[in-house]
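Working notes, beginning with the structure itself.
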Amino acid sequence: MTRITAWRRHPLARYAVLILALALVGMVYAAFVQVGKPADAALAAGKVDDVAEGKSLFIQHCGSCHGMSAQGTGTAPTLIGVGAAAVDFQMSTGRMPAAAPGPQAPRKPPANWVNETTTRQIAAYVQSLGGGPQVPGHEQVDPAMGDAGKGGELFRANCIQCHNWAGAGGALTQGKYAPNLNSSTPTQIYEAMITGPQAMPVFNDTTITPEEKRSMIAYITQVREQRDPGGFGLGRIGPVTEGLVAFVVGIAALVLAAIWITAKKRQKS
């Protein structure tokens, strides 16, 4: 007992107990988190059976770039922890599988083997690897449940620097660009905000709440349906096209007017 008492009174004893307690808590937490994790993640993204089917599809179509275990390679990043929402966004917009490496994967028609089922299966497999943002439900992205006015304020504060006030997109640096949002579905817009594809930052629920995201979707879908009663919209790109048209049309009109006036004067003389 004397030896135990002496050890307990040692100056380092309290630190040893603290380290032991933290290690024990970590082991218990890891045990509870890992149990049933793949199944829970698969259920969140689709069906439990989708994981096996998704793994087979992933190895066949995605493993050559992302690695057979989605660990990433020099060609493509790791997909561990990106979540089902990222997979659904990339595959539903045709960005993945990519046709060729480049600064940014463009939107294109999905590959012939990509459909709702195969997308869900690969998303379930990736979700089972390390969790991550899940595909949003209908109520989360329904524009009718959002406030377009509030969404417009949020969009102008966070998005117009890249996407333009009307979501027409714009050029960025190093060959990248903010895509046009007119072809994006409400689900794809929400997924882009929570996953941050390519050059886009991630807007998590702390930065922009789910209700605010839904309001931004309401604004984007409302603006794309508006007409341009004042004339040609010129792609709604902004002062670049407007200035070009003003210069070309305006200068051309002035040149033609000057030629016409001088021609009249020559005829009189």
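Residue 261 in numbering that gives the first Met the number 0 sits at position 262 of the sequence shown, with consecutive numbering throughout.
Each residue gets a CB set at the ideal place from its N, CA and C atoms; glycine is no exception.
Everything numeric in this text was worked out from a predicted model, so none of it was measured.
query: C-beta contact flag for Q197 and Q103 at 8 Å; result: yes
query: Beta-bridge partners of G101, as assigned by DSSP; result: The partner list for G101 (beta bridge, DSSP) is empty, contrary to what the question assumes.
query: CA-to-CA distance, G166 to N157, given in whole angstroms; result: 12 Å
query: Environment of D120 [buried if 16+ CB atoms lie within 10 Å]; result: Note that residue 120 is Gln in the sequence shown here, rather than Asp. Buried, because 16 or more other Cβ atoms sit within 10 Å of the Cβ of Q120.
query: Secondary structure of G169, DSSP reduced to three states; result: strand
query: Buried/exposed call for M67, threshold 16 Cβ in 10 Å; result: exposed
query: Contact check, A84 vs T194, beta carbons under 8 Å; result: yes
query: Three-way DSSP call (helix, strand, coil) for A198 in this model; result: coil
query: Coarse secondary structure for V75, derived from DSSP in three states; result: Note that residue 75 corresponds to Ala in the displayed sequence, not to Val. Looking at A75 - three-state DSSP - the assignment turns out to be coil, as it is neither helix nor strand.
query: Cβ-based neighbour list, D87, same chain, cut-off 7 Å, excluding 5 preceding and 5 following; result: T118, A122, V134, E190
query: Euclidean distance between Cα positions of V222 and V113; result: 30 Å
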